[in-house]
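Residue numbers (the working numbering): 129 to 219.
Have a look at the structure below, then the notes.
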């Protein structure tokens, strides 16, 4: 998942650039199967990224149980992941 700067678009060239940087700087093993653009990263009130709740959701967790939206700085940002998880589950 990537958050792009204002005016940028996630096209094939940018995906190739991201994959190349990951392959070069980390390892080919970490190159993702897909790259999706999001508006913002879900964060706690103290600014920490909600990586574990997103992972639990994508692994089939109940959206109401994996995160407390009252403890989020941007609760609407989680909606993308709920929709994405539902689409993946029905595919």
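Note that beta-carbon positions come from the ideal geometry of N, C-alpha and C, so glycine has one too.
For clarity, every value in this text was computed on a predicted model and none was experimentally measured.
Pick from 214, 172 and 177 that is closest to residue 129, judged by C-alpha positions: Taking the first residue of the chain shown as position 1, residue 129 is located at position 1. Per the Cα distances, 177.
Whole-angstrom distance between residue 162 and residue 200, CA atom to CA atom: On the chain shown, position 72 is the one that residue 200 refers to. On the chain shown, position 34 is the one that residue 162 refers to. Rounded to whole angstroms, residue 200 to residue 162 spans 26 angstroms at the Cα level.
Paired residues, beta bridge with residue 171 - DSSP: Position 43 of the chain shown, counting from 1, holds the residue named residue 171. Looking at the DSSP assignment, residue 171 forms a beta bridge with 177.
Contact under 7 angstroms by Cβ, residue 171 with residue 196: Against the chain shown, residue 171 aligns to sequence position 43. Against the chain shown, residue 196 aligns to sequence position 68. No, the pair does not count as a contact, with Cβ atoms beyond the cut-off.
Bridge partners - residue 130, DSSP secondary structure assignment: Your numbering for residue 130 matches position 2 in the chain shown. Beta-bridge pairing links residue 130 to 165.
Buried versus exposed, by CB contacts within 10 Å (16 or more), residue 209: To locate residue 209, count along the chain shown from 1; it is residue 81. Classification of residue 209: buried, given that the 10 Å Cβ count is 16 or more.
Rounded straight-line distance, which links the Cα of residue 147 to that of residue 140: Taking the chain shown and counting its residues from 1, the one referred to as residue 140 is at position 12. Taking the chain shown and counting its residues from 1, the one referred to as residue 147 is at position 19. Each residue's Cα considered, the two are about 10 angstroms apart.
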